[in-house]
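I have placed the structure first, in the form of structure tokens, so that the comments after it can refer back to it.
4 protein chains.
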Amino acid sequence: MRKITRVGVFTSGGDAPGMNAAIRAVVRTALHNDKKVTGIYHGYQGMIDNTMFDMESKSVSSIIQKGGTVLKTARCMEFKTAEGRAKAYENVRAAGIDALVAIGGDGTFTGAEIFSREFDIPVMCIPGTIDNDLNGTDLTIGYDTANNTVIEAIDKIRDTAASHNRLFFIEVMGRDSGCIALNAGIAGGAEAILLPEKDTAIDELIEMLAHAADRNKSSMIVIVAEGDKNGGANNVAKRVHEKFGYYDTKVSILGHLQRGGAPSSADRVLATRMGYAAVNELLKGNTRATIGIRGSEMVTTPLEEALSKKELKLNEDLVEIAKIMAL
Amino acid sequence: MRKITRVGVFTSGGDAPGMNAAIRAVVRTALHNDKKVTGIYHGYQGMIDNTMFDMESKSVSSIIQKGGTVLKTARCMEFKTAEGRAKAYENVRAAGIDALVAIGGDGTFTGAEIFSREFDIPVMCIPGTIDNDLNGTDLTIGYDTANNTVIEAIDKIRDTAASHNRLFFIEVMGRDSGCIALNAGIAGGAEAILLPEKDTAIDELIEMLAHAADRNKSSMIVIVAEGDKNGGANNVAKRVHEKFGYYDTKVSILGHLQRGGAPSSADRVLATRMGYAAVNELLKGNTRATIGIRGSEMVTTPLEEALSKKELKLNEDLVEIAKIMAL
Amino acid sequence: MRKITRVGVFTSGGDAPGMNAAIRAVVRTALHNDKKVTGIYHGYQGMIDNTMFDMESKSVSSIIQKGGTVLKTARCMEFKTAEGRAKAYENVRAAGIDALVAIGGDGTFTGAEIFSREFDIPVMCIPGTIDNDLNGTDLTIGYDTANNTVIEAIDKIRDTAASHNRLFFIEVMGRDSGCIALNAGIAGGAEAILLPEKDTAIDELIEMLAHAADRNKSSMIVIVAEGDKNGGANNVAKRVHEKFGYYDTKVSILGHLQRGGAPSSADRVLATRMGYAAVNELLKGNTRATIGIRGSEMVTTPLEEALSKKELKLNEDLVEIAKIMAL
Amino acid sequence: MRKITRVGVFTSGGDAPGMNAAIRAVVRTALHNDKKVTGIYHGYQGMIDNTMFDMESKSVSSIIQKGGTVLKTARCMEFKTAEGRAKAYENVRAAGIDALVAIGGDGTFTGAEIFSREFDIPVMCIPGTIDNDLNGTDLTIGYDTANNTVIEAIDKIRDTAASHNRLFFIEVMGRDSGCIALNAGIAGGAEAILLPEKDTAIDELIEMLAHAADRNKSSMIVIVAEGDKNGGANNVAKRVHEKFGYYDTKVSILGHLQRGGAPSSADRVLATRMGYAAVNELLKGNTRATIGIRGSEMVTTPLEEALSKKELKLNEDLVEIAKIMAL
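Listed in order, the protein sequences are those of chains W, D, C and R.
So the first sequence is numbered by UniProt numbering: it starts at 1 and just counts up by one.
So the second sequence is numbered by UniProt numbering: it starts at 1 and just counts up by one.
So the third sequence is numbered by UniProt numbering: it starts at 1 and just counts up by one.
So the fourth sequence is numbered by UniProt numbering: it starts at 1 and just counts up by one.
So this is what it looks like as structure tokens:
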């Protein structure tokens, strides 16, 4: 087993609340084990551009409560080329880094897997994305916070919807994953939910709403995942509109505010546990894997496995429950 | 002076956080003065449809902290006709109501003024709208809460913007009034603000952003009022986009969540004072006027005057300050 | 198997955010299965006082986002007597209730177990308490919300602590359970945590703080669980005070605000799942058990078992992690 | 008129949310006028200890949304001595500072007044304290945020109080000033409020509560200002307790969380305006004065005047309104 003296840490891809807590845990766990730590700005881009710096315990003071990532993040085209990665490796080695912790999503994991194989450098991944669409873990960092942000927005919209007898279509994030939509739909008390994983025909939706309208609901809210097959909240609203003259129809696209905000307690603790586990796994000789949580246990999954399959996160029971609750 | 024995209260037009606190204050102040109170649902529509009910102190328990309006609101076409108003008056008289408190915006005030003149019934208005665009008052109910809602959203967006070196265009409410945009721009630390009251050319905006970009800002936020002459955030973003390749450009339209939420402390107190003043003014014989606050004093302005002019709310000093702060 | 036609539902003991979501799920799941529902006010007291009412789908509209419990709660001495329970059963039968869902904590479960045995009535329990100290489940309803409430308070206190170089002792709820304290300590970035399950000597605490002070921390926060053996935050602060003259020492006892607030997304979803499962289990013939969640699966545990042992909830890894993070 | 080339800025006394926005405005307004800026850590202590640093526009990036003060604050005994002030002045002059902006409360103003006279250095004060107890201004920085923090806590406590039929005594900040208590009492819908400015006998309080209890209120909340003559919430609760057996009595002392948190929109804008005005006044030759807001106008008041009298902030109308609303 290779001896590790310096760990590099970076965030890559879309940011998610709680990434800072993970960074902090990586830094402090490494220092606690007498390892040195290098922070890399802007993900893979920062390896190529050599924007790195030595991190101490103080470097991560008072960041646990902050949204975003203090190490910044980026999507990096150059790293997809062999030349880009070679340059990155050169800088990584020059900095004395002999193991990496990568925090991010699918793209981040893919980059990490290739880089680790090509240059035989130990790497451990931490799943950070609000979409909760990564394999090898029940939960990703940022998902819980995003759910809370979304329901706070829905609660606010419900206030005005109920005052006006309005029908709202609220679009939430999730291009391929309906996790946020489903959670927000249940927690926000939505009358219907459109998920990327399900083909809900507009006619079916109209029937559900008609059923709700029959019971004189003072307001109706439909949650539409970004990746819904019908083309998003605006399109759905247009097609539904004429059927519900009694209700004034409005659309709200929540957008990027779902990405920010102080991380929830659960995300801070999850991220801390994951950062701690990532360093410990590296020090035990584990590599090319992702940290995950299953129930309340920390686990690791080889990146190859995590990247090859598509784990279904959508809980079918919840889909059923959502319908019954809308009655 | 006519003796008042029963006060009718309703909310009309767009809802605003704090309206419930105003309703509560109207009810309890009237009861305290040994008057009876009738609540009217759905504004003027409810007068026509005769959806009214007797209110006691308990009717307004635990509503001060709730967004929206428990009396519901609506926009009513029928009330614009003489027949509609005649029917409304018939119901109002039948219910024994001999004075009205109307909570809402411009349209509400116009209806109240006509109704009061036509049927010689005392009426007092309370300014409730998040836009802060009514005459006769420094502040309207809901404006402070909306400002807080908007900056919470901006703070969240700033987290993700800063993590990605992004340029965000955030559209906030305000069709004719730039009050929210200006406040949010200053409080959110925006790099530029586009107001309906100002003609900001796209070229001028680009120059401001170029100036900010020169100083290596990690993120830039432009606040665009709904009523901006350039056609809203999407249009502005499209036109600015090509000039700022270094920054990833995103648009966020905050939408109706700005209307909801638990009212802020300031809005609850303002609404309580206005509800209290409205009833007291009616009991003193004042009529056909709107309640307002000037500095820390409660004032009244005749509706005729309040509706005839356009009071400029935009503070020019703040426009200047916003520019300097963005440096 | 006994045929169930009417389900009674009540909350008992300390309230917890998310109880309303559980009530809503019980009501709608029962109605969906063509059962009738009776709501019982004030827990066991309401059975004795016969304060019950028929619940429809509308009865639980717009309550999912509300803290507390719309069915109210109480601690009931009379129910501990055979006469009290006999009277309760008489009323329950007279109301046509042939199965019960009880939402609450240990005391609630004990009452349910006895009542169900004595009168052979099916009963299913749902764990609701912010303390997360019940057997048969990984998580109780309200715990996640309380954690978020606590870290929001800690974040605020950190602002002022850091501005003043202050040492704060923050007391959080948890008479027997350190779950909130441990979570809050990690998520709030505390320098030390005192748990009821651990005997932390004052000297040991002082050593930890001295170590932190050596690294010139601008502020220090110690989380003290209510049930800490040293006698609570005030006592601990007094004993520590003289050693840290450089730091101004303050105490904050968070108190009952930890019990309230809109439930988090996770608590709303958990409570909804538990309410749904409780009714389904009753309809399947299960009785005298508590609903729980293990990982992402819903489970049931016989009340006898849940009440006989003491499941340790405190995660020892987290205790270790908390120490390393404070470095 | 003396030419100013470098402005020193510091915060002193108790911290308040919005101080960072004021610092930011001072720095950017000064830079905009081609002045240099020195930040002084820990208030007057930092002048003596010479902990100062050059501030650029970047120094105040992304601080507008943060609670506390990035310049830290302290209470400084040494500055009360002539030697201390002489040492402070020496350092101030050595740093090239020829004008000062002091952000804080009464103690800060007193120090500024003496220092400015002794050493003939221009100084402008900005009122920052959550207590709203300073002369020369309608509002101080931090007061609005604290009011919002307090009502969020009260709303949470109301949830649990209402679920249990409880009587809560909530102690809020305000040693001499009842501003927070009065606002929070009205906005939180309290049944009674105890203010330092009023002598409310316990008997009178009991009578008010008895009156409320007669109307079967499901919960009662009494707001007690820290400086209430009866000795604080714990003492009041003890004395009231025996009279209200039906209600379970609880005490909650909100404490220092009232000091922190992200500043409200209104506080950010107020602080920005005050920081801007402070620098402009200095540049116009004004000195030894405090910035204030009256209605929507910025004003200045000589420190001598501001410190010599006691302006009554408590709005008597609000005291009356609070009583009527509790009916």
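Just so it is clear, CB atoms sit at the ideal spot from N, CA and C, and this is done for glycine as well.
Given the structure is predicted, the values throughout are model-derived calculations rather than measurements.
Distance CB(residue i)-CB(residue j) smaller than 7 Å
i: L307/D; j: F109/D; result: yes
i: K72/W; j: Y44/W; result: no
i: A146/C; j: I180/C; result: yes
i: R2/W; j: S116/W; result: no
i: I324/R; j: H32/D; result: yes
i: K250/C; j: R166/C; result: yes
i: D144/D; j: S177/D; result: no
i: M55/C; j: N91/C; result: no
i: H256/C; j: S12/R; result: no
Buried or exposed by the 16-neighbour rule on C-beta atoms within 10 Å, applied to residue i
i: K313/C; result: buried
i: A192/C; result: buried
i: D199/W; result: exposed
i: D131/R; result: buried
i: D203/D; result: exposed
i: A94/D; result: exposed
i: K58/C; result: exposed
i: D267/R; result: buried
i: G292/D; result: buried
Proximity test, Cβ basis, 7 Å: residue i and chain W
i: A88/C; result: no
i: I23/D; result: no
i: R215/D; result: no
i: residue 328/C; result: In the structure displayed, chain C extends from 1 to 327; residue 328/C sits before or after that span and is not available.
i: K238/D; result: no
i: L194/C; result: no
i: T160/D; result: yes
6 Å CB neighbourhood of residue i in its chain, flanking five on each side removed
i: Y89/W; result: F119
i: L100/C; result: G8, V123
i: A30/C; result: V7, V37, V279
i: G68/C; result: D15
i: M173/W; result: I180, E226, Q258
i: A187/C; result: I151
i: G245/D; result: none
i: M52/W; result: T38, I40, A95
i: A74/W; result: H42, G43, Q45
7 Å Cβ cutoff, residue i in contact with chain C
i: I103/W; result: no
i: S252/W; result: no
i: T69/W; result: no
i: R268/W; result: yes
i: K72/R; result: yes
i: R166/W; result: no
Whole-angstrom C-beta distance between residue j and residue i, which should lie under 8 Å
i: Q258/C; j: T149/C; result: 5 Å
i: M157/D; j: I221/D; result: The question names Met, but residue 157/D in the sequence shown is Ile. Right, the Cβ-Cβ distance comes to about 7 Å (below 8 Å), so this counts as a contact.
i: G136/D; j: T272/D; result: With a Cβ gap of about 18 Å, G136/D and T272/D do not count as contacting.
The ligand NAP heavy atom lying under 6 Å from the CB of residue i
i: D159/R; result: In the structure on display, the ligand NAP does not appear, and there are no ligands present to speak of.
CB contact below 7 Å: residue i versus chain D
i: H211/W; result: no
Nonlocal neighbours in the same chain, by C-beta distance under 8 Å from residue i, ignoring five residues either side
i: H164/D; result: S219, D248
i: I4/C; result: K35, D98, A99, P122, L282, L283
Chain R contact for residue i (CB, 7 Å cutoff)
i: Y143/D; result: no
i: R28/D; result: yes
Same chain only: Cβ atoms within 7 Å of residue i, ignoring 5 sequence neighbours per side
i: P302/D; result: R288, A289
i: I154/C; result: I170, A184, G188, I221
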